[in-house]
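Reading through the structure tokens given below for one structure.
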Ligand SMILES: Nc1ncnc2c1ncn2[C@@H]1O[C@H](COP(=O)(O)OP(=O)(O)OP(=O)(O)O)[C@@H](O)[C@H]1O
Ligand SMILES: [Mg+2]
């Protein structure tokens, strides 16, 4: 069975008085999948999400939600989407349960509040004031708020930014349980692990463009190589002996992509022949981080540091 | 327009309001404290010397002598003989007055010659000052008694008839109470609006709401219902303290309602306009202070405008709070319906203009 396109964006351009935030973005989000947009600060994730949500107007391009054009979007669309804005904070002096009830009252479509509380694992905190919750719990309430109308499509804009690893896990579990319910999810993040852990398909955005998209395995096989050999303590002035594909990261470690497992033994025998010296060697499975490096020429950390 | 969303938003605001000590303080405790403190300060400020206004219609040597014997214990002020005594008393807010009749001297002379008539003086007293009235009665009665003894040895020839002064005498607290209503409505709506608009925008709540079926107009209506409601709660409590503690007689009429509602809309509108320019939540409080404090002090809240220099008086006339305060005074205290009508009309128009501009410049999305 062919899955429907819940979101279909083509040639999306957005300019803010001269600054081009989005420079021709096209992608599709299919029913029931978690689609993740990954990119550093200022890449254009929020702008894309907010245009899809109807908060911002595009400069040009076509955007369809449930097959409806942006310009003729009906009010009914709002009943079918759930949104967690970036860096969201809710009313300080309402409890978790009251907060969810508040947002629920705004919609015709409804979902049982207590069911959401248990789905988000918030039973212990439901009578706690929002202002007294930790960052991770606030984000879980935020995801819960996006579910009060039992939406078909959920937008989560950087739901785990600024959270410690444990709190992040909690939010991830909450998102996983949405996915299990068959919701379509548009997730943005600048954490590669998050996209790797949650997403069915990933779009890598950089400077207002999508530089690569597909499933995790597609991206890795297309742009990351399957494995990489990482050398520590290698004298990088001799890098040319390692071939064209070798690259150096910020800690002066050298990594060489390997496209199939057999290649690893080839590399090792080559090292023996040429007497390559290094302190230690590690074979790593390629990840999204490397895909990002290959596609953009920098690491996401460097991008963020520069921003 | 869906009323469930409006009602929920209203109730949520109410909940957040009573859970926030700061807002409860400013809309309830602060005005009550003002009423109690200022009422007490100005309460104690009665004259140490008790004045008695005397109108001497007789103008004889004997009446002059009588007045000077009263003057041993009271500070005597003159009411000119050629004016209507009662009118003069009410126009000049006089609180104690004695009118000596035209043939006072002649009549005493006639009694000394054997006439058995009696001579009646009229004593007008302000019923709200009973303790002072007791002193005045004592002095006037005692003086008359002394004179009676001298004239006949026994019979009460000279008597006084007491009248209470009908025209109301306004005290500081009468002047102050309507202004407490004015500044409370102003501060709670201005702060509330700027606070909500700035923080909710910063926190993403307005963006979130714009993705729901809740419309900007529904949101605006419920916020205005809420702020009008809080304004009436404050107004009611201020009036209650005024009546119970300071014995103010307050008129509650349609002007009071229209002015309170208009003030809530005018100051919310002003808040909405200001919050367009407030980018950071930290500056919200100072922005609200910047527009409420000058009005509080310059619009005739704590002192009558008459005591201020004329340039400040003309400045007050551009401040919305001035019309709120004046209108509330005319309506609640002075029962001056033409003044109330004028000020109500002014504040209503200000409200219409500010609110419409405010509503138009408040955007949820770009
Ligand atoms: N309202 C605006 N006015 C002007 N420029 C804007 C505005 N909003 C965003 N931008 C610019 O558009 C670009 C994309 O911003 P956007 O917020 O979409 O990035 P992002 O990928 O969500 O980043 P982050 O990870 O920091 O949230 C940035 O250069 C940003 O400065
Ligand atoms: Mg963003």
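Chains as they are written, first to last, in the numbering used here: chain A, 24 to 330; chain B, 1455 to 1820. Backbone N, C-alpha and C define an ideal beta-carbon position, used for all residues, glycine too.
Quiz item: Which runs of the alpha helix (DSSP H) fall wholly inside the stretch 1729-1816 of chain B and span at least 4 residues, in chain order?
Solution: With a minimum length of 4 residues, the continuous alpha helix (DSSP H) runs that stay inside the stretch 1729-1816 of chain B are 1738-1752, 1764-1770, 1774-1782, 1791-1815.
Quiz item: Sorted by chain position, which residues of the same chain lie with C-beta nearer than 8 Å to residue 96 of chain A's C-beta, five sequence neighbours on each side aside?
Solution: The residues 77, 88, in chain order, have a CB closer than 8 Å to that of residue 96 of chain A in the same chain once the five nearest residues on each side in sequence are set aside.
Practice problem: Mind listing the chain B neighbours of residue 257 of chain A? Cutoff is C-beta to C-beta under 7 Å, in chain order. | Solution: In chain order: nothing, as chain B lies at least about 47 Å away.
Quiz item: What number of angstroms, rounded off, separates the C-alpha of residue 221 of chain A from the C-alpha of residue 177 of chain A?
Solution: Taking the straight line from one Cα to the other gives about 14 Å.
Exercise. Could you confirm whether any beta carbon from chain A is found closer than 8 Å to the beta carbon of residue 1501 of chain B?
Key: Because residue 1501 of chain B carries a pLDDT of 46, less than 50, the predicted location of this residue cannot be relied on, and the following value inherits that uncertainty. It does not: the Cβ of residue 1501 of chain B has no partner Cβ on chain A nearer than 8 Å.
Quiz prompt | Neighbourhood of residue 1689 of chain B by C-beta distance below 8 Å, restricted to the same chain and skipping five residues each side | solution = Taken in chain order, the residues that qualify are 1635, 1638, 1639, 1710, 1714.
Quiz item: With which residues is residue 281 of chain A paired in a DSSP beta bridge?
Solution: Beta-bridge pairing links residue 281 of chain A to A/250.
Quiz item: So, do the stretch 1652-1669 of chain B and the stretch 1800-1819 of chain B have three or more beta carbon pairs nearer to each other than 8 Å?
Solution: Touching, per the Cβ criterion.
Quiz item: Whole-angstrom Cβ separation of residue 301 of chain A and residue 256 of chain A, contact assumed at under 8 Å?
Solution: So it is a contact: roughly 5 Å between Cβ atoms.
Quiz prompt | residue 1551 of chain B - DSSP class collapsed to helix/strand/coil | solution = DSSP places residue 1551 of chain B within a strand segment (E or B) once states are collapsed to three.
Exercise. Using a Cβ cut-off of 8 Å (strictly closer), state whether residue 125 of chain A contacts chain E.
Key: The structure shown contains no chain E; the protein chains it does contain are A and B.
Exercise. Would you tell me roughly how many angstroms separate the C-alpha atoms of residue 245 of chain A and residue 228 of chain A, rounded to the nearest one?
Key: Taking the straight line from one Cα to the other gives about 16 Å.
Quiz item: Listing by chain order, which chain A residues have their CB less than 7 Å from the CB of residue 1664 of chain B?
Solution: Ordered by position in chain A, the residues that pass the 7 Å Cβ test against residue 1664 of chain B are 78.
Quiz item: Quick one, which residues of the stretch 1455-1489 of chain B are near chain A if we go by CB-CB under 7 Å, in chain order?
Solution: So the list reads 1458, 1459, 1462, 1466, 1469, 1470, 1473, 1474, given in the order they occur along the chain.
Practice problem: Say yes only if the C-beta of residue 267 of chain A is nearer than 7 Å to one or more non-hydrogen atoms of ligand 2, and no if none qualify. | Solution: Ligand 2 has no heavy atom closer than 7 Å to the beta-carbon of residue 267 of chain A.
Quiz item: Does the Cβ of residue 76 of chain A lie closer than 7 Å to at least one heavy atom of ligand 2?
Solution: Outside the cutoff, so no.
Practice problem: Apply the 10 Å Cβ neighbour rule to residue 182 of chain A and answer buried if 16 or more other Cβ atoms are within range, or exposed otherwise. | Solution: When all chains shown are included, residue 182 of chain A counts as buried.
Quiz item: Among the residues of its own chain, which have a CB less than 6 Å from the CB of residue 1641 of chain B, if the five just before and after it don't count?
Solution: Within the same chain, residue 1641 of chain B has close Cβ partners 1480, 1746.
Quiz item: For residue 258 of chain A versus residue 211 of chain A, is the C-beta distance shorter than 8 Å?
Solution: No, they are not a contact pair.
Self-check item: For residue 32 of chain A, the first and last residue of its enclosing beta strand (DSSP E)
Solution: Start and end: 28-39.
Quiz prompt | Below 7 Å from a heavy atom of ligand 2 - residues by beta-carbon | solution = Counting only beta-carbon distances shorter than 7 Å to the non-hydrogen atoms of ligand 2, the qualifying residues in chain order are A/68, A/69, A/109, A/180, A/181, A/211.
Quiz prompt | Distance cut-off 7 Å: residue 233 of chain A Cβ against heavy atoms of ligand 1 | solution = Residue 233 of chain A Cβ: outside cutoff for every heavy atom of ligand 1.
Practice problem: Examine chain B for any beta-carbon lying closer than 8 Å to the beta-carbon of residue 153 of chain A, and answer yes or no. | Solution: Cβ-Cβ to chain B under 8 Å: no for residue 153 of chain A.
Self-check item: Segment limits, alpha helix (DSSP H) that includes residue 214 of chain A
Solution: Segment: none, residue 214 of chain A is in no alpha helix (DSSP H) and carries neither H nor E.
Quiz item: Does DSSP put residue 1577 of chain B in a helix, in a strand, or in coil?
Solution: Of the three classes helix, strand and coil, the one that applies to residue 1577 of chain B here is strand, per DSSP.
Practice problem: Using beta-carbon positions only, say whether residue 1646 of chain B and residue 112 of chain A come within less than 8 Å of one another. | Solution: Against a cut-off of 8 Å, the Cβ pair of residue 112 of chain A and residue 1646 of chain B comes out as no contact.
Practice problem: Check whether the Cβ of residue 214 of chain A lies closer than 8 Å to any Cβ atom in chain B. | Solution: Contact of residue 214 of chain A with chain B is not assigned, every C-beta pair being separated by 8 Å or more.
Exercise. Spatial neighbours of residue 1605 of chain B within its chain, please: CB distance less than 8 Å, with the 5 preceding and 5 following residues excluded, ordered by chain position.
Key: Within the same chain, and ignoring the five residues on either side of residue 1605 of chain B in sequence, the residues whose Cβ sits closer than 8 Å to its Cβ are 1562, 1565, 1566, 1611, 1612.
Quiz item: Nearest CA to the CA of residue 1716 of chain B: which residue from B/1778, B/1691, B/1494, B/1531?
Solution: Minimum Cα distance to residue 1716 of chain B is reached at B/1778.
Exercise. Note down the Cα distance separating residue 1535 of chain B from residue 1541 of chain B, rounded to an integer number of angstroms.
Key: Straight across, the Cα-Cα distance linking residue 1535 of chain B with residue 1541 of chain B is about 12 Å.
Exercise. Leaving aside the five residues before and after residue 1813 of chain B along the sequence, list all residues of the same chain whose C-beta is less than 7 Å from its C-beta, in chain order.
Key: Excluding positions up to five away in sequence, the list reads 1674, 1726.
Practice problem: In the DSSP assignment, find the unbroken beta strand (DSSP E) run with residue 304 of chain A in it and report its ends. | Solution: Residue 304 of chain A -> beta strand (DSSP E) spans 303-308.
Quiz prompt | Pairwise C-alpha distance: residue 193 of chain A and residue 142 of chain A | solution = The straight-line gap from Cα to Cα measures roughly 11 Å.
Practice problem: Leaving out five residues on either side along the sequence, give the residues of the same chain with a beta carbon under 6 Å from the beta carbon of residue 1798 of chain B. | Solution: In its chain, beyond the 5 residues on either side, 1709, 1712, 1713, 1781 have a beta carbon closer than 6 Å to the beta carbon of residue 1798 of chain B.
Quiz prompt | Span of the alpha helix (DSSP H), counted from its first residue to its last, around residue 1520 of chain B | solution = Counting along the chain, the alpha helix (DSSP H) containing residue 1520 of chain B begins and ends at 1515-1524.
Exercise. Output the distance between the C-alpha atoms of residue 1474 of chain B and residue 1773 of chain B, rounded to the nearest integer angstrom.
Key: Near 29 Å, if we compare the C-alpha coordinates of residue 1773 of chain B and residue 1474 of chain B.
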